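Worksheet: one structure, shown below.
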Ligand code: EPZ
């Protein structure tokens, strides 16, 4: 099992290019299952979750070809509608095939995704929304089984915002007969990207980017090509890493300014200097002076993303003073606290959803630590880059699920990062 060996402190300096967004690529890949023809997707990141999706497609009988950043699949070759346990347990996002398979083939059987380290993560609202459109859903022998002779448009309000829940019900509505109105939907840029993909393939969706989506069902989705958006979370991770390490980094991406606005505001409050060059699609992040403590509370988009909560905590270990970090999306997303503490960070957990960081710049020291989930891994990498001496981060496979070539990018930015094989 791979580990990272990082020598710190290591200010990041240079240029980094952002890859495609995992959390947009996955729903778009699964939505492609509804298309009646070849689908060509560009800017699909080379990350483990995409490889797992490819393995799942193979199980469904669908051949995929990929070269560089292009991914080509022909969903007409599908022979099965079952997502088995061994793949769903590797990637919870496999649940994203439920809505598309049901809509296109009238049935789907997906191993029930259990909880994970960041929370219990139920799928009751996916089930309620699909049921509202006419599906019959049972949970039996560890599988969610959905069937529908016909899906019919209806109104459904999500009790709370759910990203993959929105994706599943939206996909089903696209091929349902008549009109569907989904309210209180997730407005995440990745959901907007999914909508734009579906529209490119022939879907009729209005209200994209708002909390209410109106979908006029269509009979078929046609073959076509689409470029997946760049990864705002990878962008955020490098921007935070640049600020944390007193670096000087130019981040190149096609992301529009609105998507990164809140993070830029927070980073500026913390003392980073950020200049956005829209014409050249790059952002320059530097930090000369000391870092100030800045509180954050995670919220659905356009709020502060839960996926950057852990990296932000790593940043705040380098700030002067006390910062409060509140996690409002998942109930157990502080697994990184114990590992950051092993590097010398002073963090207390108050109640169930608040972490209090007593920042002390330049006091972290290298140690052996362990990644617990994808974004926690990114936080540990940032902390290790700030820490004096050598840090060994084990279980780096969590990072590989969602960041393409992280060590190569860090090395290009001057960091001493090595991937090594290490016992579990
Ligand atoms: C998506 O997960 C992302 N995954 C997560 O990214 C991200 O952290 C999360 O959205 C929040 O932004 C993908 O896009 C593949 P939710 P998802 O349904 O859709 C509760 C990463 O690191 N809920 O929006 O599974 C749920 O328990 C990952 O890239 C229900 O109670 O998250 C949570 O508390 C991790 N019932 C909240 O809603 C439901 O039916 C939001 O979860 C659905 C959700």
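Residue numbers (our numbering): 28 to 451. We put the CB at the ideal spot given by N, CA and C, even for glycine. If you're wondering where the values come from, they're calculated on a predicted model, not measured in any experiment.
Checklist line | Reduced DSSP secondary structure (H/G/I, E/B, other) of residue 358 | finding: Here residue 358 is taken as the residue at index 331 of the chain shown, counted from 1. Reduced to three states, the DSSP call for residue 358 is coil.
Next item on the list: Compare the beta carbon distance of residue 70 and residue 41 with 8 Å and say whether it is the shorter of the two.
Entry: In the chain shown, counting from the first residue as 1, residue 70 sits at position 43. In the chain shown, counting from the first residue as 1, residue 41 sits at position 14. Taking C-beta atoms as the reference points, residue 70 and residue 41 fail to come closer than 8 Å.
Next item on the list: Count the other C-beta atoms from every protein chain shown that fall within 10 angstroms of the C-beta of residue 306, then say buried if there are 16 or more, exposed otherwise.
Entry: Along the chain shown, read from residue 1 onward, the residue named residue 306 stands at position 279. Counting every other CB atom within 10 Å of its CB across the protein chains shown gives residue 306 a total below 16, marking it as exposed.
Margin query: I'd like to know whether the C-beta atoms of residue 179 and residue 209 end up nearer to each other than 8 Å.
Written below: As a first step, residue 179 must be located in the chain shown, where it is residue number 152. As a first step, residue 209 must be located in the chain shown, where it is residue number 182. No, these two residues do not count as a Cβ contact at 8 Å.
Next item on the list: Name the two residues that bound the continuous beta strand (DSSP E) containing residue 348.
Entry: Position 321 of the chain shown, counting from 1, holds the residue named residue 348. First-last of the beta strand (DSSP E) with residue 348: 346-353.
Note to self: With a threshold of 8 Å, are at least 3 pairs of Cβ atoms found where one atom belongs to the region 94-106 and the other to the region 425-441?
What the structure shows: With a cut-off of 8 Å, the region 425-441 and the region 94-106 do not count as touching, because too few Cβ pairs lie within range.
Next item on the list: Note down the Cα distance separating residue 204 from residue 231, rounded to an integer number of angstroms.
Entry: In the chain shown, the residue the question calls residue 204 occupies position 177. In the chain shown, the residue the question calls residue 231 occupies position 204. Residue 204 and residue 231: Cα-Cα distance of roughly 12 Å.
Check: In whole angstroms, what separates the C-alpha of residue 248 from that of residue 293?
Finding: Here residue 248 refers to the residue found at position 221 when the chain shown is read from its first residue. Here residue 293 refers to the residue found at position 266 when the chain shown is read from its first residue. Taken atom to atom, the span from the alpha-carbon of residue 248 to that of residue 293 is near 41 Å.
Checklist line | Residue-chain proximity (residue 237, chain C), Cβ-Cβ < 8 Å | finding: Among the protein chains of the structure shown there is no chain C, as only one such chain exists.
Margin query: Tell me the residue span of the beta strand (DSSP E) that contains residue 382.
Written below: Translated into positions along the chain shown, residue 382 becomes position 355. Counting along the chain, the beta strand (DSSP E) containing residue 382 begins and ends at 381-386.
Item checked: Under the three-state DSSP convention, the category residue 210 falls into -> Numbered from its first residue, the chain shown carries residue 210 at position 183. Of the three classes helix, strand and coil, the one that applies to residue 210 here is strand, per DSSP.
Item checked: Proximity of residue 125 and residue 195 at Cβ, strictly below 8 Å -> Along the chain shown, one-based indexing puts residue 125 at 98. Along the chain shown, one-based indexing puts residue 195 at 168. Using a Cβ distance threshold of 8 Å, residue 125 and residue 195 count as a contacting pair.
Notebook entry, point to check: Straight-line CA distance for residue 72 to residue 45?
Noted result: Taking the first residue of the chain shown as 1, we reach residue 72 at position 45. Taking the first residue of the chain shown as 1, we reach residue 45 at position 18. Approximately 10 Å between the Cα atoms of the pair.
Margin query: Quick check: does the Cβ of residue 69 come within less than 7 Å of any heavy atom belonging to ligand 3?
Written below: Summarising the ligand content, the structure contains ligand 1 and does not contain ligand 3.
Check: Mind checking whether the beta-carbon of residue 153 lies closer than 7 Å to any heavy atom of ligand 1?
Finding: To locate residue 153, count along the chain shown from 1; it is residue 126. Yes; taking the cut-off as 7 Å, the Cβ of residue 153 has a heavy atom of ligand 1 nearer than that.
Margin query: For the beta strand (DSSP E) containing residue 91, name the first residue and the last one.
Written below: The residue given as residue 91 occupies position 64 in the chain shown. Start and end: 91-94.
Check: Three-state secondary structure (DSSP) at residue 456?
Finding: The requested residue 456 is not part of the displayed model; the chain covers only 28 to 451.
Check: Could you check where the alpha helix (DSSP H) with residue 331 kicks off and where it finishes?
Finding: Along the chain shown, one-based indexing puts residue 331 at 304. Taken as a continuous stretch (DSSP letters only), residue 331 belongs to no alpha helix (DSSP H), as it is neither H nor E.
Notebook entry, point to check: residue 402 and residue 337: beta carbons closer than 8 Å?
Noted result: If you number the chain shown from 1, residue 402 lands on position 375. If you number the chain shown from 1, residue 337 lands on position 310. For the 8 Å CB-CB criterion, residue 402 and residue 337 form a contact.
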